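K.L.:
Using numbering that gives the first Met the number 0, read the sequence shown as starting at 0 and increasing by one per residue.
For each residue, glycine too, the CB sits at the ideal point set by N, CA and C.
Keep in mind the model is a prediction, meaning the values are calculated, not measured.
Pasting in a structure now, in structure tokens, and then I'll have a few things to ask.
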Amino acid sequence: MSAPTSTLGKFLSGLARLYRGFRSVILNLLFLFLLLLFVASLIGQPPIIMQPGSALLLNPGGILVDQLTYVDPWDTLMADSLGAEIRNEVLLQDVLDAIDMAASDNRISSLVLAPGQLLPSGFSKLQDIADALQRFRASGKKVYAYADQYTQGQYYLAAHADEIILNGMGSVELEGFSTYQLYYREALDKLGINVHIFRVGEYKSAVEPFERNDMSPEAREANIDWLGDLWQQYLADIGDARNLAPEFVDGFISNLDTELAEFNGNMSALVLARDFVDRIMDRDSLNTYLQEEIGSTRNGEDFLSIDYRSYLAASRNESGDLESDNAKVGIIVASGTIYDGSREAGEIGGDSLQDLVRMAREDDDIKALVLRIDSGGGSAFASEIIRNELATLADAGKPLVVSMGSVAASGGYWIATPAAEIWASNSTITGSIGIFGLYPTFEDTFDKLGISTDGVGTTALAGALLPGRPLPPLAENVLQLTLEDGYNRFITLVAESRNMTIEEADAIARGRVWSGEDALAIGLVDNLGSLEDAVAAAARLAGLEAYDSKLVEMPLTPGQQFLQDLVDNVLVRTFIPALPAARSPLAATGMLGNFYRVLNADLQDLLQFNDPRGLYLHCQECQAVLAP
Numbered sequence: 000m001s002a003p004t005s006t007l008g009k010f011l012s013g014l015a016r017l018y019r020g021f022r023s024v025i026l027n028l029l030f031l032f033l034l035l036l037f038v039a040s041l042i043g044q045p046p047i048i049m050q051p052g053s054a055l056l057l058n059p060g061g062i063l064v065d066q067l068t069y070v071d072p073w074d075t076l077m078a079d080s081l082g083a084e085i086r087n088e089v090l091l092q093d094v095l096d097a098i099d100m101a102a103s104d105n106r107i108s109s110l111v112l113a114p115g116q117l118l119p120s121g122f123s124k125l126q127d128i129a130d131a132l133q134r135f136r137a138s139g140k141k142v143y144a145y146a147d148q149y150t151q152g153q154y155y156l157a158a159h160a161d162e163i164i165l166n167g168m169g170s171v172e173l174e175g176f177s178t179y180q181l182y183y184r185e186a187l188d189k190l191g192i193n194v195h196i197f198r199v200g201e202y203k204s205a206v207e208p209f210e211r212n213d214m215s216p217e218a219r220e221a222n223i224d225w226l227g228d229l230w231q232q233y234l235a236d237i238g239d240a241r242n243l244a245p246e247f248v249d250g251f252i253s254n255l256d257t258e259l260a261e262f263n264g265n266m267s268a269l270v271l272a273r274d275f276v277d278r279i280m281d282r283d284s285l286n287t288y289l290q291e292e293i294g295s296t297r298n299g300e301d302f303l304s305i306d307y308r309s310y311l312a313a314s315r316n317e318s319g320d321l322e323s324d325n326a327k328v329g330i331i332v333a334s335g336t337i338y339d340g341s342r343e344a345g346e347i348g349g350d351s352l353q354d355l356v357r358m359a360r361e362d363d364d365i366k367a368l369v370l371r372i373d374s375g376g377g378s379a380f381a382s383e384i385i386r387n388e389l390a391t392l393a394d395a396g397k398p399l400v401v402s403m404g405s406v407a408a409s410g411g412y413w414i415a416t417p418a419a420e421i422w423a424s425n426s427t428i429t430g431s432i433g434i435f436g437l438y439p440t441f442e443d444t445f446d447k448l449g450i451s452t453d454g455v456g457t458t459a460l461a462g463a464l465l466p467g468r469p470l471p472p473l474a475e476n477v478l479q480l481t482l483e484d485g486y487n488r489f490i491t492l493v494a495e496s497r498n499m500t501i502e503e504a505d506a507i508a509r510g511r512v513w514s515g516e517d518a519l520a521i522g523l524v525d526n527l528g529s530l531e532d533a534v535a536a537a538a539r540l541a542g543l544e545a546y547d548s549k550l551v552e553m554p555l556t557p558g559q560q561f562l563q564d565l566v567d568n569v570l571v572r573t574f575i576p577a578l579p580a581a582r583s584p585l586a587a588t589g590m591l592g593n594f595y596r597v598l599n600a601d602l603q604d605l606l607q608f609n610d611p612r613g614l615y616l617h618c619q620e621c622q623a624v625l626a627p
């Protein structure tokens, strides 16, 4: 091909050569990057060296969860370069395992708790970690806690340490528990959006943001009740840990301005004087103090410690992957909103969870099953698919026990009904036994835009659910009757599973939310205890004396497993920038950003709900984070 002779031809030819060269460089770099990952995976992880006398450094960064949300490993690898936003999560069981292993490990001398990167999490999960810290201290080893400042949830954990250390510019941010929502009724009116609400249960407040501008008296009554229960537990727990009367802590918060004025606004001096913390230190002084208490690294720059993630990996490698011949108690984690169809870990799909339960039923090694629920519910249809499969497992002779996490309400309670025993923590949020449907129409919005809807149908229902048409009374009646049938099914399930009459079940239902403590008193749960307690109960029901627990989850494909191994490989992580440190949502986004986050979450809930009949067993107020 002859070379171009015109000026324009030479210019375009030069651009083409530049493009080919740029493409070649990019492809070569990508090839080298993939080759590096492949070689790193073959080499494997270097051994983790743990020096005797080390402190276990417990520094969880993110939100505590019962199940990690599935993230494509490739997205994780490319998160920094592509600007991907990956939610920071901490698996609760990893934290508990690390603490309990370290308690009996002679190489671990103490524990340093650094909760400054812990994001707001469910109260019951904080209680589980606090119990583990108490077990660690009972082994005779000391726990130190340090942060530049403590949020309410972070302080709850720190209160269970032998010493609480605070930066001189820091604070302890105690404020109490709350649940607040955005209400959209007036905004919807201005936009001309007519939201048709169908529900059964005067306490079923999930739809209130779309039909009111404020909280209903019924919702206010119920919310004050269960929030008050949890707050009293919080006060009692830190009171016991710090030898502070609950009334003193409550009064301290209520009179914080007066208290602070006494110390000229110096919060660190105030909390030190009131015994909320034990020492005030800057970061350098802290490091020196911990070196004196625990020991120094070989270079003398830091105190002797091992990160809990590295410790956990090393300990699990040492214990090996050999399984005993003991019978198994299966554990399935149901975490997140319930949707129709299949979902990845971190959400609940009716079909995908059904498959997991079926796997457990068909596994001859599994003699009993524990379902760990951490969900505020969702699709009524998907909830019934799951419940039916669990009932099939129980009918097949395998005992089913439910362990409730921070939340097991509405659809989360529906799927618990086949259980032989239900275990909850005293701060579990449960109940919300009710049902709702929500259908928006936009005829007034269309009218403002000059858009009309017209046509013909063969029956009064034909085309009735088009968004541009008013919802006819016939359709409203059908939807309400369908909803009432769903509620009757719900309270019937509750009555049959809890040995109640329909009237007794209805009296504690009607959408009302209960704390775990109250749920035990009214018969919605059988016992208060941990996941381990529920596993022991399942083994007892199956007549097992020697047993192991077995997590039941869908295996990754070979390609997914390969990429996941790369992500988990220590060598690979040395070449890939770490994810940004977790921060408080308010600190990260500001007040306006937090408003947008809440608004976006509400809208996403509406967009993702996919029940085939539009019926939902969902507890909206249960999603509020209780321990900021």
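Output the distance between the C-alpha atoms of F380 and S426, rounded to the nearest integer angstrom.
P.N.:
Indexing the sequence shown from 1 puts residue 380 at position 381. Indexing the sequence shown from 1 puts residue 426 at position 427. When rounded, the distance between both Cα atoms is 28 Å.
K.L.:
Of the residues V512, A160, I293, which one's Cα is nearest the Cα of D239?
P.N.:
The residue given as residue 239 occupies position 240 in the sequence shown. Answer by Cα proximity: A160.
K.L.:
With distances taken from CA atoms, which of D517, A494, I432, E442 is nearest Y202?
P.N.:
Locating residue 202 in the sequence shown gives position 203, counting from the first residue. Among D517, A494, I432, E442, the Cα nearest to that of Y202 belongs to I432.
K.L.:
Report buried or exposed for A581, applying the criterion of at least 16 other Cβ atoms within 10 angstroms of its Cβ.
P.N.:
As a working note, residue 581 is residue 582 in the sequence shown. A caution first: A581 carries a pLDDT of 38, below 50, which makes its placement in the model unreliable, though a value can still be read off. Buried, by the Cβ-count rule.
K.L.:
Considering only residues of the same chain and omitting the five flanking positions on each side of D213, which have a CB-CB separation below 7 Å?
P.N.:
On the sequence shown, position 214 is the one that residue 213 refers to. Closer than 7 Å at the Cβ level, and outside the excluded window around D213, lie Y182.
K.L.:
So the candidates are S314, S138, L90, D505; which of them puts its Cα closest to the Cα of L117?
P.N.:
The count along the sequence shown starts at 1 and reaches residue 117 at position 118. The candidate whose alpha carbon is nearest that of L117 is L90.
K.L.:
Consult DSSP for K141 and reduce its assignment to one of helix, strand or coil.
P.N.:
Walking along the sequence shown from the start, residue 141 turns up at place 142. The answer is strand: DSSP assigns K141 an E or B state.
K.L.:
Specify whether the stretch 168-181 and the stretch 402-418 touch according to this definition: at least 3 beta carbon pairs, one from each stretch, less than 8 Å apart.
P.N.:
Not touching, per the Cβ criterion.
K.L.:
Which same chain residues, not among the five before or five after A158, have their C-beta less than 7 Å away from its C-beta?
P.N.:
As a first step, residue 158 is located in the sequence shown; it is residue number 159 there, counting from the start. If we look at A158 and ignore the five residues flanking it on each side, its Cβ neighbours are I237, A240, R241.
K.L.:
In whole angstroms, what is the alpha-carbon distance linking V569 and L303?
P.N.:
Reading the sequence shown from its first residue, position 570 is the one you call residue 569. Reading the sequence shown from its first residue, position 304 is the one you call residue 303. Residue confidence for V569 is low, a pLDDT of 45 falling below 50, so the modelled location carries little weight and cannot support an answer.
K.L.:
Rounded to whole angstroms, how far is the Cβ of S374 from the Cβ of D339, which I believe are closer than 8 Å?
P.N.:
As a working mapping, residue 374 is identified with position 375 in the sequence shown. As a working mapping, residue 339 is identified with position 340 in the sequence shown. So it is not a contact: roughly 14 Å between Cβ atoms.
K.L.:
From the DSSP output, read off the bridge partner residues of K327.
P.N.:
Position 328 of the sequence shown, counted from the start, is the residue given in the question as residue 327. BP columns for K327 point to I365, D547.
K.L.:
Am I right that L67 and L112 are in contact with their C-beta atoms under 8 Å? What's the rounded C-beta distance?
P.N.:
For the purposes of this step, residue 67 is taken as residue 68 along the sequence shown, with counting starting at 1. For the purposes of this step, residue 112 is taken as residue 113 along the sequence shown, with counting starting at 1. About 22 Å; that fails the 8 Å criterion.
K.L.:
Which runs of the beta strand (DSSP E) fall wholly inside the stretch 389-455 and span at least 3 residues, in chain order?
P.N.:
The stretch 389-455 contains these whole beta strand (DSSP E) runs: 399-408, 420-423, 428-430, 434-440.
K.L.:
Do L368 and V551 have their C-beta atoms closer together than 9 Å?
P.N.:
The residue given as residue 368 occupies position 369 in the sequence shown. The residue given as residue 551 occupies position 552 in the sequence shown. Cβ atoms of L368 and V551: closer than 9 Å.
K.L.:
What is the DSSP secondary structure of F176, counted as helix, strand or coil?
P.N.:
By 1-based counting over the sequence shown, the position of residue 176 is 177. Coil at F176, not helix or strand.
K.L.:
Quick one, which of Y438, A268, E442, V493 has its alpha-carbon nearest A518's?
P.N.:
Counted from its first residue, the sequence shown places residue 518 at position 519. Here the closest residue by C-alpha is V493.
K.L.:
Measuring CB to CB, does A313 end up less than 9 Å from L370?
P.N.:
One-based indexing of the sequence shown puts residue 313 at position 314. One-based indexing of the sequence shown puts residue 370 at position 371. The answer is no: Cβ separation not under 9 Å.
K.L.:
Buried or exposed for M632, going by 16 or more other Cβ atoms inside 10 Å?
P.N.:
Outside the shown range of the chain, which is 0 to 627, sits residue 632, and nothing can be said about it.
K.L.:
I need the DSSP call for D213, collapsed to helix, strand or coil.
P.N.:
On the sequence shown, position 214 is the one that residue 213 refers to. Coil at D213, not helix or strand.
K.L.:
Alpha carbon to alpha carbon, how far is W513 from I521?
P.N.:
One-based indexing of the sequence shown puts residue 513 at position 514. One-based indexing of the sequence shown puts residue 521 at position 522. Approximately 9 Å, taken between the alpha carbons.
K.L.:
Excluding five sequence neighbours on each side, which residues of the same chain lie with their C-beta closer than 6 Å to the C-beta of A683?
P.N.:
Coverage of the chain is limited to positions 0 through 627, which leaves residue 683 absent and any answer about it impossible.
K.L.:
Excluding the 5 residues preceding and the 5 following N286 in the sequence, name in chain order all residues of the same chain whose CB lies nearer than 7 Å to its CB.
P.N.:
Here residue 286 is taken as the residue at index 287 of the sequence shown, counted from 1. The answer, listed in chain order, is D301, F302.
K.L.:
So, under 8 Å CB-CB, D96 and L311 are touching, yes? Tell me the CB distance rounded to an integer number of Å.
P.N.:
Residue mapping note: residue 96 aligns to position 97 of the sequence shown, counting from 1. Residue mapping note: residue 311 aligns to position 312 of the sequence shown, counting from 1. Sure, about 6 Å apart at Cβ, within 8 Å.
K.L.:
Looking at F122: is its Cβ nearer than 9 Å to the Cβ of L259?
P.N.:
The residue labelled residue 122 in the question sits at position 123 within the sequence shown. The residue labelled residue 259 in the question sits at position 260 within the sequence shown. No, they are not a contact pair.
K.L.:
Do I385 and L352 come within 9 Å of each other at the CB atom, strictly closer than that value?
P.N.:
Counting from 1 along the sequence shown, the entry for residue 352 is found at position 353. Counting from 1 along the sequence shown, the entry for residue 385 is found at position 386. The answer is yes: Cβ separation under 9 Å.
K.L.:
What distance in whole Å lies between the Cβ atoms of G348 and G376, which are believed to be in contact at a cut-off of 8 Å?
P.N.:
Position 377 of the sequence shown, counted from the start, is the residue given in the question as residue 376. Position 349 of the sequence shown, counted from the start, is the residue given in the question as residue 348. That belief does not hold up - the Cβ atoms of G376 and G348 are roughly 14 Å apart, past 8 Å.
K.L.:
Could you tell me whether any Cβ in chain B is nearer than 9 Å to the Cβ of A113?
P.N.:
You won't find chain B in this structure, because it holds only one protein chain.
K.L.:
Taking DSSP as the reference, what is the three-state secondary structure of S103?
P.N.:
Translated into the one-based positions of the sequence shown, residue 103 becomes position 104. S103 falls in the coil class under three-state DSSP.
K.L.:
How far does the alpha helix (DSSP H) with G376 in it extend, from its first residue to its last?
P.N.:
Taking the sequence shown and counting its residues from 1, the one referred to as residue 376 is at position 377. G376 -> not in any alpha helix (DSSP H); beta strand (DSSP E) instead, spanning 376-378.
K.L.:
With a threshold of 7 Å on Cβ separation, who are the neighbours of R136 within its own chain once the five nearest residues in sequence on each side are excluded?
P.N.:
By one-based count along the sequence shown, residue 136 stands at place 137. V142, D161.
K.L.:
Hey, D547 and S323 are a contact pair by Cβ (cut 8 Å); roughly how many whole angstroms apart?
P.N.:
For the purposes of this step, residue 547 is taken as residue 548 along the sequence shown, with counting starting at 1. For the purposes of this step, residue 323 is taken as residue 324 along the sequence shown, with counting starting at 1. Contact flag correct, Cβ pair sits at about 6 Å.
K.L.:
Going by beta carbon distance, what residues of the same chain come within less than 8 Å of D628, once the five residues before and after it are set aside?
P.N.:
Since the first residue of the chain shown is 0 and the last is 627, residue 628 is not available in this structure.
K.L.:
Taking A537 and V332 to be in contact with their CB atoms under 8 Å, please state how far apart those CB atoms are, rounded to whole angstroms.
P.N.:
For the purposes of this step, residue 537 is identified with residue 538 of the sequence shown, where counting begins at 1. For the purposes of this step, residue 332 is identified with residue 333 of the sequence shown, where counting begins at 1. A537 to V332, Cβ: 15 Å. No contact.
K.L.:
Helix, strand or coil, according to DSSP, for L57 in the structure here?
P.N.:
Residue mapping note: residue 57 aligns to position 58 of the sequence shown, counting from 1. L57 falls in the strand class under three-state DSSP.
K.L.:
Determine the closest residue to A326 out of E388, D364, N193, S109, with distance taken between C-alpha atoms.
P.N.:
Taking the sequence shown and counting its residues from 1, one reaches residue 326 at position 327. The candidate whose alpha carbon is nearest that of A326 is D364.
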